[in-house]
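Structure first, commentary second.
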Amino acid sequence: MDPARLKSTQYAAIGLLRATRILPVVTVSSPAQGVAVARALQAGGVTAIEITLRTPAALDAIAAVRHDVAGIVVGAGTVIALPQIEAARSAGAAFLVTPGTPPALADALADCGLPVVPGAATPTELLALRERGFRVCKLFPASAVGGLPLVRALQGPLADMLLCPTGGIGEDDAPQYLAERNVACVGGSWMMRTEWLADERYDLVTEATARSLAAIARANS
Ligand code: 3PG
Numbered sequence: 018m019d020p021a022r023l024k025s026t027q028y029a030a031i032g033l034l035r036a037t038r039i040l041p042v043v044t045v046s047s048p049a050q051g052v053a054v055a056r057a058l059q060a061g062g063v064t065a066i067e068i069t070l071r072t073p074a075a076l077d078a079i080a081a082v083r084h085d086v087a088g089i090v091v092g093a094g095t096v097i098a099l100p101q102i103e104a105a106r107s108a109g110a111a112f113l114v115t116p117g118t119p120p121a122l123a124d125a126l127a128d129c130g131l132p133v134v135p136g137a138a139t140p141t142e143l144l145a146l147r148e149r150g151f152r153v154c155k156l157f158p159a160s161a162v163g164g165l166p167l168v169r170a171l172q173g174p175l176a177d178m179l180l181c182p183t184g185g186i187g188e189d190d191a192p193q194y195l196a197e198r199n200v201a202c203v204g205g206s207w208m209m210r211t212e213w214l215a216d217e218r219y220d221l222v223t224e225a226t227a228r229s230l231a232a233i234a235r236a237n238s
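Below, the structure is given as structure tokens:
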């Protein structure tokens with residue numbers, strides 16, 4: 018592991034999370050759907066998205082978004098096994114996100130040379146990642162493991178760790194999370210309701226994204 022390289026890729030991860038404010042967690046049934054959703058999210062104002070490696074179409078969707086949607090940063094999410102790191106990189110993923118980060122996965126991620134947002138749910142897990150040199154983590158599943166009170170409680174003992182709380186967050190509470198000093202970004206899928214995607218109502222995805230970003234801007238101005 019090269020600490021200087023990890024420091025620089027963590028810096029890049031923090032930069033892309035801060036820029037987008039909301040990291041949509043996108044699960045796709047086809048590459049074409051991935052491209053359509055990415056365009057809709059981008060039109061709503063986000064600058065990065067995570068495509069989860071939970072469906073057979075995910076890697077091809079990452080490649081398609083990378084190729085067809087200029088100006089959006091596409092990463093791979095739900096990275097839970099070592100071979101997925103290289104698969105995601107080959108598909109063109111610009112960053113990686115995990116829901117949780119056991120030691121072997123943390124070591125491989127620290128070495129991989131891509132910006133990474135490793136998942137953690139407790140102070141102990143966050144500390145283990147901090148020891149390896151990570152400075153930004155996905156707090157998952159955020160609402161289930163403590164929500165805003167947990168985020169606030171972590172500010173004292175883990176003052177130099179930034180979070181991307183994800184899991185159970187919605188339009189109503191996203192602005193409150195982003196008002197916390199240790200929150201770089203919030204993740205979630207609330208702006209992509211299943212029925213909207215089934216009906217190809219991508220206009221509603223754009224509207225919901227823009228509405229959330231406007232609420233965040235108002236709350237933090
Ligand atoms: C994830 O994997 O990050 C979650 O599925 C996203 O959480 P949400 O769907 O509750 O927003």
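Going letter by letter, the sequence shown gives residues 18 to 238 in the numbering used here. For every residue, glycine included, the Cβ atom is placed at its ideal position computed from N, Cα and C.
Would you list the residues whose beta-carbon is nearer than 5 angstroms to any heavy atom of the ligand 3PG, in the order they occur in the chain?
Output, sorted by chain position: Val42, Thr183, Gly184, Gly185, Gly205 and Ser206.
Does the distance from the C-beta atom of Ala13 to that of Gly92 stay below 7 angstroms?
It is not possible to answer for residue 13, since the shown part of the chain is limited to 18 through 238.
Which same chain residues, not among the five before or five after Thr115, have their C-beta less than 6 angstroms away from its C-beta?
Position 98 of the sequence shown, counted from the first residue, corresponds to residue 115. Closer than 6 angstroms at the Cβ level, and outside the excluded window around Thr115, lie Val96, Pro135 and Gly136.
Taking the alpha carbon of Tyr28 as the point to measure from, which residue in Ala98, Ala105, Met209 and Cys154 has its own alpha carbon closest?
Locating residue 28 in the sequence shown gives position 11, where the first residue counts as 1. Out of Ala98, Ala105, Met209 and Cys154, Cys154 has the C-alpha closest to the C-alpha of Tyr28.
So what's Leu70 in DSSP terms, helix, strand or just coil?
Locating residue 70 in the sequence shown gives position 53, where the first residue counts as 1. Coil, per DSSP.
Does the segment 191-204 come into contact with the segment 171-183, if we say contact requires no fewer than three beta-carbon pairs (one atom in each stretch) closer than 8 angstroms?
Touching, yes, given that three or more Cβ pairs across the two stretches are closer than 8 angstroms.
Can you tell me where the alpha helix (DSSP H) with Val162 in it begins and where it stops?
In the sequence shown, the residue the question calls residue 162 occupies position 145. Start and end: Ala159 to Val162.
How close, in whole Å, do the beta carbons of Cys202 and Leu34 come, if the pair is a contact with beta carbons under 8 angstroms?
Here residue 202 refers to the residue found at position 185 of the sequence shown. Here residue 34 refers to the residue found at position 17 of the sequence shown. Going by Cβ atoms, the distance from Cys202 to Leu34 rounds to 4 angstroms, so yes, they are a contact pair.
With 16 other CB atoms within 10 Å as the buried threshold, where does Ser107 fall?
Position 90 of the sequence shown, counting from 1, holds the residue named residue 107. Exposed is the call here.
Between which residues of its own chain and Ala36 is the CB-CB distance below 6 angstroms, once the five residues before and five after are set aside?
Indexing the sequence shown from 1 puts residue 36 at position 19. The residues are Thr64.
Which runs of the alpha helix (DSSP H) fall wholly inside the segment 153-208 and span at least 4 residues, in chain order?
Listed in chain order, they are 159-162, 164-171 and 191-195.
Measure the alpha-carbon distance for Ala159 versus Asp177 and round it to whole angstroms.
Within the sequence shown, numbered from 1, the residue matching residue 159 stands at position 142. Within the sequence shown, numbered from 1, the residue matching residue 177 stands at position 160. Their Cα atoms are separated by approximately 19 angstroms.
For Pro41, which of helix, strand or coil comes out of DSSP?
Position 24 of the sequence shown, counted from the start, is the residue given in the question as residue 41. Strand at Pro41.
Could you give the distance in angstroms between the alpha-carbon of Leu143 and the alpha-carbon of Ala74?
Here residue 143 refers to the residue found at position 126 when the sequence shown is read from its first residue. Here residue 74 refers to the residue found at position 57 when the sequence shown is read from its first residue. Between Leu143 and Ala74, the C-alpha separation is close to 31 angstroms.
Just to confirm the assignment, what range does the beta strand (DSSP E) spanning Val90 have?
Position 73 of the sequence shown, counting from 1, holds the residue named residue 90. Start and end: Val90 to Gly94.
Can you grab the Cα-Cα spacing for the pair Ala123 / Thr72, in whole Å?
Taking the first residue of the sequence shown as position 1, residue 123 is located at position 106. Taking the first residue of the sequence shown as position 1, residue 72 is located at position 55. The alpha-carbon atoms of Ala123 and Thr72 are separated by roughly 23 angstroms.
Mark Asn199 as exposed unless 16 or more other C-beta atoms lie within 10 angstroms of its C-beta, in which case mark it buried.
Taking the first residue of the sequence shown as 1, we reach residue 199 at position 182. It counts as buried.
Which of helix, strand or coil does DSSP assign to Thr231?
Numbered from its first residue, the sequence shown carries residue 231 at position 214. It should be pointed out that residue 231 corresponds to Ala in this sequence rather than to Thr. Three-state result, Ala231: helix.
How would you write the range of the alpha helix (DSSP H) that Thr139 sits in, first residue to last?
Sequence index remark: in the sequence shown, residue 139 carries index 122 (1-based). Element bounds for Thr139: n/a, residue is neither H nor E.
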